[in-house]
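Have a look at the structure below, then the notes.
Residue numbers (full-length UniProt numbering): 1 to 468.
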(Lines of atoms letter the chains of each structure in order from A and count residues from 1; the text may use other names and numbers.)
(Lines give C-alpha, C1' and ligand atoms only; values in the text may rest on other atoms or scores of the structure.)
Protein backbone atom coordinates (compact mmCIF):
# COMPACT_ATOMS: atom_id res chain seq x y z
CA UNK A 1 0.00 0.00 0.00
CA UNK A 2 1.26 3.48 -0.85
CA UNK A 3 -0.16 6.89 -0.14
CA UNK A 4 0.96 10.12 -1.78
CA UNK A 5 0.03 13.34 0.00
CA UNK A 6 0.17 16.05 -2.64
CA UNK A 7 -0.10 18.95 -0.19
CA UNK A 8 -3.46 19.97 -1.68
CA UNK A 9 -4.97 19.58 1.76
CA UNK A 10 -2.01 20.35 4.00
CA UNK A 11 -0.02 23.08 2.26
CA UNK A 12 -0.86 26.78 2.19
CA UNK A 13 1.07 29.55 0.41
CA UNK A 14 3.05 31.82 2.67
CA UNK A 15 1.83 34.99 1.00
CA UNK A 16 0.26 35.85 -2.33
CA UNK A 17 2.84 38.58 -2.99
CA UNK A 18 5.90 36.35 -2.59
CA UNK A 19 7.52 34.68 -5.58
CA UNK A 20 7.89 31.03 -4.72
CA UNK A 21 9.97 28.56 -6.67
CA UNK A 22 8.43 25.15 -6.03
CA UNK A 23 11.02 22.47 -5.43
CA UNK A 24 9.11 19.36 -4.44
CA UNK A 25 11.40 17.36 -2.18
CA UNK A 26 10.06 13.95 -1.22
CA UNK A 27 10.51 12.52 2.26
CA UNK A 28 9.64 8.85 2.22
CA UNK A 29 8.51 7.21 5.43
CA UNK A 30 8.12 3.49 5.89
CA UNK A 31 5.60 2.57 8.56
CA UNK A 32 4.19 -0.56 10.10
CA UNK A 33 0.58 0.51 9.79
CA UNK A 34 -1.06 -2.69 8.57
CA UNK A 35 0.40 -6.17 8.96
CA UNK A 36 -0.74 -9.48 7.53
CA UNK A 37 0.61 -12.94 6.91
CA UNK A 38 2.05 -14.03 3.59
CA UNK A 39 2.31 -17.41 1.96
CA UNK A 40 5.54 -19.38 1.63
CA UNK A 41 7.29 -19.06 -1.73
CA UNK A 42 8.67 -22.26 -3.21
CA UNK A 43 10.66 -20.55 -6.02
CA UNK A 44 8.89 -22.49 -8.76
CA UNK A 45 6.33 -19.90 -9.90
CA UNK A 46 7.14 -16.22 -10.29
CA UNK A 47 6.94 -14.55 -6.84
CA UNK A 48 3.96 -12.34 -6.12
CA UNK A 49 3.25 -9.63 -3.57
CA UNK A 50 -0.50 -10.22 -3.66
CA UNK A 51 -2.09 -10.35 -0.24
CA UNK A 52 -3.44 -13.73 0.81
CA UNK A 53 -5.43 -12.67 3.87
CA UNK A 54 -7.29 -9.63 5.13
CA UNK A 55 -4.99 -6.97 6.61
CA UNK A 56 -4.63 -6.63 10.37
CA UNK A 57 -4.96 -2.94 11.10
CA UNK A 58 -3.03 -1.38 13.98
CA UNK A 59 -4.99 1.89 14.42
CA UNK A 60 -2.55 3.50 16.85
CA UNK A 61 0.20 3.61 14.23
CA UNK A 62 -1.88 6.09 12.25
CA UNK A 63 -0.75 8.65 14.80
CA UNK A 64 2.79 8.37 13.40
CA UNK A 65 1.48 9.36 9.97
CA UNK A 66 -0.43 12.32 11.37
CA UNK A 67 2.69 13.51 13.20
CA UNK A 68 4.56 13.55 9.89
CA UNK A 69 1.73 15.38 8.13
CA UNK A 70 1.64 18.00 10.88
CA UNK A 71 5.42 18.48 10.78
CA UNK A 72 5.50 18.94 6.99
CA UNK A 73 2.59 21.39 7.23
CA UNK A 74 4.49 23.47 9.81
CA UNK A 75 7.72 23.37 7.81
CA UNK A 76 6.06 24.49 4.58
CA UNK A 77 4.37 27.39 6.36
CA UNK A 78 7.65 28.60 7.87
CA UNK A 79 9.18 31.47 5.89
CA UNK A 80 12.58 31.26 7.50
CA UNK A 81 13.26 27.53 7.46
CA UNK A 82 12.99 26.58 3.78
CA UNK A 83 12.35 29.66 1.63
CA UNK A 84 11.22 28.86 -1.93
CA UNK A 85 11.21 25.14 -1.21
CA UNK A 86 8.21 22.91 -0.67
CA UNK A 87 8.54 19.59 1.12
CA UNK A 88 6.32 16.76 -0.02
CA UNK A 89 6.24 13.16 1.08
CA UNK A 90 5.17 9.65 0.22
CA UNK A 91 4.26 7.01 2.77
CA UNK A 92 4.86 3.35 2.09
CA UNK A 93 3.61 0.45 4.19
CA UNK A 94 6.04 -2.43 4.64
CA UNK A 95 3.54 -4.64 6.51
CA UNK A 96 6.25 -5.64 9.00
CA UNK A 97 7.69 -7.95 6.37
CA UNK A 98 11.20 -8.07 4.92
CA UNK A 99 9.99 -8.97 1.45
CA UNK A 100 7.75 -5.92 1.24
CA UNK A 101 10.43 -3.70 2.77
CA UNK A 102 13.03 -4.55 0.14
CA UNK A 103 10.43 -4.22 -2.61
CA UNK A 104 9.49 -0.77 -1.33
CA UNK A 105 13.08 0.49 -1.18
CA UNK A 106 13.86 -0.72 -4.69
CA UNK A 107 10.75 1.02 -5.99
CA UNK A 108 11.95 4.25 -4.43
CA UNK A 109 15.07 3.97 -6.55
CA UNK A 110 13.15 3.20 -9.74
CA UNK A 111 11.20 5.20 -12.28
CA UNK A 112 7.55 5.66 -11.38
CA UNK A 113 6.12 3.16 -13.83
CA UNK A 114 9.04 0.75 -14.13
CA UNK A 115 10.54 -1.45 -11.44
CA UNK A 116 14.13 -0.86 -12.57
CA UNK A 117 16.41 0.60 -9.87
CA UNK A 118 18.93 3.34 -10.79
CA UNK A 119 16.93 4.56 -13.80
CA UNK A 120 15.06 7.60 -12.49
CA UNK A 121 15.15 9.99 -15.43
CA UNK A 122 11.40 10.63 -15.33
CA UNK A 123 11.22 11.16 -11.58
CA UNK A 124 10.47 14.79 -10.81
CA UNK A 125 10.16 14.44 -7.05
CA UNK A 126 13.65 13.94 -5.69
CA UNK A 127 14.12 11.57 -2.78
CA UNK A 128 16.28 13.20 -0.12
CA UNK A 129 15.64 11.18 3.05
CA UNK A 130 13.85 8.18 4.50
CA UNK A 131 12.22 8.11 7.93
CA UNK A 132 11.93 4.56 9.26
CA UNK A 133 11.62 2.06 10.61
CA UNK A 134 9.97 1.62 13.94
CA UNK A 135 11.86 -1.58 14.79
CA UNK A 136 15.48 -2.67 14.39
CA UNK A 137 14.70 -5.37 11.85
CA UNK A 138 12.94 -3.03 9.43
CA UNK A 139 15.65 -0.41 9.91
CA UNK A 140 18.35 -2.93 9.03
CA UNK A 141 16.50 -3.98 5.86
CA UNK A 142 16.26 -0.36 4.77
CA UNK A 143 19.86 0.45 5.67
CA UNK A 144 21.20 -2.47 3.63
CA UNK A 145 20.17 -0.73 0.40
CA UNK A 146 19.97 2.95 1.34
CA UNK A 147 23.54 3.01 2.65
CA UNK A 148 24.81 2.02 -0.80
CA UNK A 149 23.24 5.16 -2.27
CA UNK A 150 24.18 7.33 0.73
CA UNK A 151 20.52 8.27 1.18
CA UNK A 152 19.98 9.52 4.75
CA UNK A 153 17.82 7.22 6.85
CA UNK A 154 16.43 8.38 10.20
CA UNK A 155 15.00 5.69 12.44
CA UNK A 156 12.36 6.58 15.00
CA UNK A 157 12.57 3.35 16.99
CA UNK A 158 15.45 1.91 18.99
CA UNK A 159 18.36 0.12 17.32
CA UNK A 160 20.29 -2.92 18.44
CA UNK A 161 24.02 -2.79 19.09
CA UNK A 162 26.12 -2.72 15.94
CA UNK A 163 23.71 -0.73 13.77
CA UNK A 164 25.25 2.56 14.87
CA UNK A 165 28.60 1.69 13.28
CA UNK A 166 29.24 4.68 11.02
CA UNK A 167 31.94 2.85 9.08
CA UNK A 168 29.28 0.45 7.76
CA UNK A 169 26.11 2.55 7.86
CA UNK A 170 27.29 6.11 7.41
CA UNK A 171 23.85 7.35 6.34
CA UNK A 172 21.91 5.91 9.27
CA UNK A 173 20.74 8.22 12.06
CA UNK A 174 18.61 7.47 15.09
CA UNK A 175 16.18 9.50 17.14
CA UNK A 176 16.37 7.32 20.26
CA UNK A 177 19.24 5.76 22.24
CA UNK A 178 20.70 2.37 21.50
CA UNK A 179 18.58 -0.50 22.78
CA UNK A 180 21.21 -1.59 25.30
CA UNK A 181 20.42 1.51 27.38
CA UNK A 182 17.04 -0.06 28.13
CA UNK A 183 18.73 -3.24 29.33
CA UNK A 184 20.72 -1.24 31.88
CA UNK A 185 17.46 0.36 32.94
CA UNK A 186 15.73 -3.02 33.33
CA UNK A 187 18.55 -4.36 35.50
CA UNK A 188 18.57 -1.26 37.73
CA UNK A 189 14.79 -1.47 38.08
CA UNK A 190 14.94 -5.13 39.13
CA UNK A 191 17.72 -4.41 41.63
CA UNK A 192 15.82 -1.45 43.08
CA UNK A 193 12.70 -3.51 43.83
CA UNK A 194 14.72 -6.64 44.71
CA UNK A 195 13.06 -8.72 42.03
CA UNK A 196 15.49 -11.60 41.63
CA UNK A 197 13.29 -14.36 40.16
CA UNK A 198 11.85 -13.39 36.77
CA UNK A 199 10.57 -14.75 33.47
CA UNK A 200 11.77 -13.57 30.05
CA UNK A 201 9.77 -13.28 26.82
CA UNK A 202 11.06 -12.37 23.35
CA UNK A 203 10.17 -13.12 19.74
CA UNK A 204 11.98 -16.09 18.23
CA UNK A 205 14.14 -14.15 15.78
CA UNK A 206 17.61 -12.60 15.61
CA UNK A 207 16.62 -9.57 17.68
CA UNK A 208 15.03 -11.73 20.35
CA UNK A 209 18.11 -13.93 20.53
CA UNK A 210 20.34 -10.87 20.80
CA UNK A 211 18.13 -9.65 23.66
CA UNK A 212 18.62 -12.90 25.58
CA UNK A 213 22.36 -13.04 24.88
CA UNK A 214 22.83 -9.47 26.11
CA UNK A 215 20.45 -9.31 29.07
CA UNK A 216 20.90 -12.76 30.67
CA UNK A 217 24.63 -12.23 31.50
CA UNK A 218 23.77 -8.79 32.91
CA UNK A 219 21.13 -10.39 35.13
CA UNK A 220 23.45 -13.17 36.28
CA UNK A 221 26.18 -10.73 37.27
CA UNK A 222 23.63 -9.01 39.52
CA UNK A 223 22.33 -12.24 41.13
CA UNK A 224 19.03 -12.14 39.21
CA UNK A 225 17.83 -15.53 37.95
CA UNK A 226 15.49 -16.50 35.12
CA UNK A 227 12.66 -18.90 35.97
CA UNK A 228 12.14 -19.47 32.24
CA UNK A 229 13.07 -18.06 28.84
CA UNK A 230 10.17 -18.09 26.39
CA UNK A 231 10.66 -17.55 22.66
CA UNK A 232 7.32 -16.61 21.13
CA UNK A 233 6.97 -17.48 17.43
CA UNK A 234 7.19 -14.80 14.80
CA UNK A 235 4.06 -15.20 12.74
CA UNK A 236 4.85 -14.75 9.09
CA UNK A 237 3.46 -17.56 6.98
CA UNK A 238 -0.19 -18.50 6.81
CA UNK A 239 0.60 -22.22 6.73
CA UNK A 240 2.49 -22.01 10.02
CA UNK A 241 0.10 -19.92 12.10
CA UNK A 242 -2.26 -22.61 13.38
CA UNK A 243 0.47 -25.13 14.20
CA UNK A 244 2.59 -22.55 16.02
CA UNK A 245 -0.38 -21.27 17.94
CA UNK A 246 -1.64 -24.68 19.06
CA UNK A 247 1.85 -25.90 20.01
CA UNK A 248 2.41 -22.94 22.30
CA UNK A 249 -1.10 -22.45 23.67
CA UNK A 250 -0.87 -25.38 26.10
CA UNK A 251 2.40 -24.07 27.54
CA UNK A 252 1.16 -20.63 28.56
CA UNK A 253 -0.90 -21.56 31.65
CA UNK A 254 2.13 -23.25 33.22
CA UNK A 255 4.29 -20.20 32.50
CA UNK A 256 1.72 -17.90 34.08
CA UNK A 257 1.61 -20.17 37.15
CA UNK A 258 5.36 -19.79 37.62
CA UNK A 259 6.52 -18.49 41.00
CA UNK A 260 8.25 -15.66 39.17
CA UNK A 261 6.23 -12.51 39.83
CA UNK A 262 7.98 -10.38 37.22
CA UNK A 263 7.94 -10.94 33.45
CA UNK A 264 10.29 -8.98 31.20
CA UNK A 265 9.07 -8.73 27.60
CA UNK A 266 11.04 -7.64 24.56
CA UNK A 267 9.74 -7.37 21.05
CA UNK A 268 8.76 -5.38 18.00
CA UNK A 269 5.29 -3.76 17.71
CA UNK A 270 3.36 -7.00 16.86
CA UNK A 271 4.66 -8.63 20.06
CA UNK A 272 1.81 -7.33 22.19
CA UNK A 273 -0.65 -8.52 19.57
CA UNK A 274 0.80 -12.04 19.68
CA UNK A 275 1.11 -12.24 23.46
CA UNK A 276 -2.41 -10.88 23.91
CA UNK A 277 -3.73 -13.62 21.63
CA UNK A 278 -2.07 -16.28 23.75
CA UNK A 279 -3.28 -14.88 27.05
CA UNK A 280 -6.79 -14.34 25.73
CA UNK A 281 -7.19 -17.77 24.16
CA UNK A 282 -5.68 -19.55 27.15
CA UNK A 283 -8.70 -18.26 29.13
CA UNK A 284 -6.52 -17.23 32.04
CA UNK A 285 -7.66 -15.28 35.06
CA UNK A 286 -7.11 -11.62 34.18
CA UNK A 287 -5.76 -11.01 37.67
CA UNK A 288 -2.49 -12.89 37.26
CA UNK A 289 -0.68 -10.95 39.96
CA UNK A 290 2.35 -10.45 37.72
CA UNK A 291 4.41 -7.35 37.06
CA UNK A 292 5.14 -6.90 33.36
CA UNK A 293 8.21 -4.91 32.31
CA UNK A 294 8.20 -4.11 28.60
CA UNK A 295 10.60 -2.32 26.27
CA UNK A 296 9.71 0.91 24.51
CA UNK A 297 8.78 -0.70 21.17
CA UNK A 298 5.51 -2.02 22.58
CA UNK A 299 3.64 1.26 23.03
CA UNK A 300 0.61 -0.80 24.23
CA UNK A 301 -1.25 -1.02 20.96
CA UNK A 302 -3.83 -3.58 19.85
CA UNK A 303 -5.21 -4.60 16.47
CA UNK A 304 -8.72 -3.80 15.32
CA UNK A 305 -9.74 -7.40 16.05
CA UNK A 306 -8.83 -6.93 19.70
CA UNK A 307 -10.76 -3.72 20.33
CA UNK A 308 -13.07 -5.19 22.95
CA UNK A 309 -10.50 -7.44 24.58
CA UNK A 310 -9.73 -7.20 28.25
CA UNK A 311 -6.06 -6.29 28.74
CA UNK A 312 -6.17 -6.50 32.53
CA UNK A 313 -3.40 -9.09 32.15
CA UNK A 314 -1.06 -6.12 31.83
CA UNK A 315 -2.59 -4.02 34.61
CA UNK A 316 0.21 -2.25 36.46
CA UNK A 317 2.77 -3.00 33.75
CA UNK A 318 5.92 -0.89 33.68
CA UNK A 319 7.04 0.29 30.27
CA UNK A 320 10.09 2.12 29.02
CA UNK A 321 9.05 5.06 26.89
CA UNK A 322 11.09 7.42 24.74
CA UNK A 323 10.96 11.13 25.47
CA UNK A 324 7.97 13.08 24.18
CA UNK A 325 6.64 16.60 24.37
CA UNK A 326 3.40 18.44 23.66
CA UNK A 327 3.52 20.33 20.36
CA UNK A 328 1.38 23.49 20.19
CA UNK A 329 -1.48 23.03 17.76
CA UNK A 330 -1.14 19.26 17.39
CA UNK A 331 -4.20 18.39 19.47
CA UNK A 332 -6.29 20.88 17.49
CA UNK A 333 -4.96 19.30 14.31
CA UNK A 334 -6.05 15.86 15.54
CA UNK A 335 -9.51 17.17 16.40
CA UNK A 336 -9.94 18.18 12.75
CA UNK A 337 -8.99 14.78 11.33
CA UNK A 338 -11.92 13.60 9.25
CA UNK A 339 -12.60 10.73 6.81
CA UNK A 340 -13.36 13.34 4.14
CA UNK A 341 -9.58 13.43 3.66
CA UNK A 342 -10.06 10.21 1.67
CA UNK A 343 -8.90 11.62 -1.66
CA UNK A 344 -5.51 12.63 -0.25
CA UNK A 345 -5.10 10.07 2.52
CA UNK A 346 -4.94 6.41 1.51
CA UNK A 347 -4.85 5.20 5.12
CA UNK A 348 -7.72 7.03 6.76
CA UNK A 349 -10.50 4.81 5.43
CA UNK A 350 -8.91 1.65 6.86
CA UNK A 351 -8.15 3.48 10.09
CA UNK A 352 -11.62 4.98 10.50
CA UNK A 353 -13.53 1.80 9.67
CA UNK A 354 -11.46 -0.36 12.00
CA UNK A 355 -11.21 2.14 14.83
CA UNK A 356 -14.94 2.88 14.96
CA UNK A 357 -16.28 -0.46 13.63
CA UNK A 358 -18.25 1.20 10.86
CA UNK A 359 -18.29 1.23 7.07
CA UNK A 360 -17.30 4.11 4.80
CA UNK A 361 -19.51 2.69 2.05
CA UNK A 362 -22.97 4.14 1.53
CA UNK A 363 -24.60 1.05 2.93
CA UNK A 364 -24.21 -0.99 6.09
CA UNK A 365 -22.33 -4.27 5.81
CA UNK A 366 -22.37 -7.53 7.69
CA UNK A 367 -19.01 -9.17 8.39
CA UNK A 368 -19.34 -12.48 10.15
CA UNK A 369 -21.53 -11.82 13.15
CA UNK A 370 -20.73 -8.13 13.27
CA UNK A 371 -23.11 -5.63 11.69
CA UNK A 372 -21.29 -2.46 10.70
CA UNK A 373 -23.24 0.76 10.46
CA UNK A 374 -22.35 3.57 8.10
CA UNK A 375 -19.62 5.92 9.34
CA UNK A 376 -21.09 9.37 9.90
CA UNK A 377 -17.77 11.18 9.94
CA UNK A 378 -18.79 12.71 13.26
CA UNK A 379 -17.07 10.02 15.32
CA UNK A 380 -14.62 11.45 17.85
CA UNK A 381 -11.02 10.27 18.07
CA UNK A 382 -10.90 11.16 21.76
CA UNK A 383 -13.52 8.45 22.41
CA UNK A 384 -11.12 5.69 21.34
CA UNK A 385 -9.22 3.65 23.96
CA UNK A 386 -5.53 4.39 24.49
CA UNK A 387 -4.56 1.10 22.84
CA UNK A 388 -6.14 2.43 19.62
CA UNK A 389 -5.35 6.14 19.57
CA UNK A 390 -4.09 8.98 21.75
CA UNK A 391 -4.85 12.67 21.44
CA UNK A 392 -1.25 13.66 22.06
CA UNK A 393 2.27 13.14 20.81
CA UNK A 394 3.42 9.69 21.83
CA UNK A 395 7.14 8.97 22.01
CA UNK A 396 7.30 7.42 18.54
CA UNK A 397 5.13 10.14 16.99
CA UNK A 398 7.38 12.78 18.53
CA UNK A 399 10.39 11.05 16.98
CA UNK A 400 8.73 11.15 13.55
CA UNK A 401 7.96 14.84 14.05
CA UNK A 402 11.56 15.62 15.01
CA UNK A 403 12.95 13.47 12.19
CA UNK A 404 11.08 15.58 9.64
CA UNK A 405 12.49 18.74 11.20
CA UNK A 406 16.01 17.24 11.23
CA UNK A 407 15.81 16.78 7.46
CA UNK A 408 14.37 20.28 7.01
CA UNK A 409 17.17 21.90 9.02
CA UNK A 410 19.82 19.98 7.07
CA UNK A 411 18.23 21.19 3.81
CA UNK A 412 18.17 24.72 5.22
CA UNK A 413 21.95 24.64 5.79
CA UNK A 414 22.55 23.29 2.27
CA UNK A 415 20.24 25.88 0.74
CA UNK A 416 21.88 28.67 2.69
CA UNK A 417 25.39 27.60 1.69
CA UNK A 418 24.43 27.37 -1.98
CA UNK A 419 22.65 30.72 -1.92
CA UNK A 420 25.72 32.47 -0.57
CA UNK A 421 27.96 31.01 -3.25
CA UNK A 422 25.75 32.02 -6.15
CA UNK A 423 25.24 35.39 -7.74
CA UNK A 424 21.58 36.39 -7.75
CA UNK A 425 20.00 35.59 -11.09
CA UNK A 426 16.93 37.06 -12.68
CA UNK A 427 15.36 33.67 -13.38
CA UNK A 428 15.24 31.58 -10.23
CA UNK A 429 15.99 27.91 -10.85
CA UNK A 430 14.94 25.01 -8.70
CA UNK A 431 17.76 23.97 -6.43
CA UNK A 432 18.96 20.41 -6.89
CA UNK A 433 20.05 18.50 -3.81
CA UNK A 434 22.09 15.36 -3.62
CA UNK A 435 20.90 13.17 -0.72
CA UNK A 436 24.49 12.55 0.37
CA UNK A 437 24.87 16.28 1.11
CA UNK A 438 22.38 15.93 3.95
CA UNK A 439 24.78 13.50 5.62
CA UNK A 440 27.44 16.21 5.62
CA UNK A 441 25.18 18.77 7.26
CA UNK A 442 23.27 16.47 9.62
CA UNK A 443 24.15 16.72 13.28
CA UNK A 444 21.48 14.63 14.98
CA UNK A 445 22.33 14.24 18.64
CA UNK A 446 20.50 11.58 20.61
CA UNK A 447 19.07 12.98 23.81
CA UNK A 448 18.94 9.99 26.09
CA UNK A 449 15.67 10.53 27.89
CA UNK A 450 13.61 7.55 28.93
CA UNK A 451 10.70 7.27 31.30
CA UNK A 452 9.21 4.62 33.51
CA UNK A 453 5.45 4.59 33.70
CA UNK A 454 2.67 2.16 34.44
CA UNK A 455 -0.65 1.71 32.71
CA UNK A 456 -2.29 3.28 35.73
CA UNK A 457 -0.17 6.38 34.99
CA UNK A 458 1.81 6.40 38.25
CA UNK A 459 5.25 7.75 37.39
CA UNK A 460 7.98 5.72 39.06
CA UNK A 461 11.12 7.41 37.83
CA UNK A 462 12.44 9.79 35.25
CA UNK A 463 16.07 10.39 34.45
CA UNK A 464 18.21 12.09 31.85
CA UNK A 465 21.39 10.20 32.67
CA UNK A 466 23.20 7.98 30.20
CA UNK A 467 21.75 4.88 31.81
CA UNK A 468 18.11 5.92 31.56
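From the three backbone atoms N, C-alpha and C, an ideal C-beta is built for every residue, glycine too.
- Counted as a single uninterrupted DSSP element, the alpha helix (DSSP H) harbouring residue 332 occupies residues 330-335.
- Judged by DSSP secondary structure, residue 99 falls outside any beta strand (DSSP E) and instead within the alpha helix (DSSP H) spanning 98-108.
- The straight-line gap separating the alpha-carbon atoms of residue 208 and residue 178 is approximately 15 Å.
- A contact is defined here as three or more CB-CB pairs under 8 Å, and the region 226-233 meets this definition with respect to the region 251-271.
- Between the region 285-299 and the region 386-398, the count of C-beta pairs closer than 8 Å reaches three or more; the two stretches touch.
- When C-alpha distances from residue 71 are compared across 401, 384, 210, the shortest belongs to 401.
- Under the criterion of beta carbons closer than 8 Å, residue 341 and residue 314 do not qualify as touching, at roughly 33 Å.
- Judged by their CB atoms, residue 131 and residue 154 are nearer to each other than the 7 Å cut-off.
- Residues 225, 227, 259, 260 of the same chain have their beta carbon placed closer than 7 Å to that of residue 197, with the five preceding and five following residues left out of the count.
- Here residue 199 is buried, its C-beta having at least 16 other C-beta atoms within 10 Å.
- Ranking 250, 387, 183 by CA distance to the CA of residue 217 puts 183 first.
- Here residue 173 carries a strand assignment [DSSP, helix/strand/coil].
- 7 Å or more divides the Cβ of residue 104 from the Cβ of residue 115.
- In this structure, residue 355 places its C-beta atom within 7 Å of the C-beta atom of residue 388.
- Closest in alpha carbon position to residue 156, among 417, 360, 321, 331, is 321.
- Annotation: residue 99 to residue 194 spans about 44 Å, alpha carbon to alpha carbon.
- For the set 374, 346, 158, 136, the Cα lying nearest the Cα of residue 357 is the one of 374.
- Sixteen is the threshold: when 16 or more other Cβ atoms of the shown chains lie within 10 Å of the Cβ of residue 181, as they do, the residue is buried.
- In the three-state DSSP reduction, residue 148 falls in the coil class, being neither helix nor strand.
- Bridge partners of residue 296 according to DSSP: none are assigned.
- Between the C-alpha atoms of residue 361 and residue 222 there is a straight-line separation of about 58 Å.
- Restricting attention to 202, 251, 256, the CA atom closest to the CA of residue 233 is found in 202.
- When the beta-carbon positions are compared, residue 129 and residue 407 come within less than 7 Å of each other.
- Residue 79 and residue 68 have their C-alpha atoms spaced approximately 19 Å apart.
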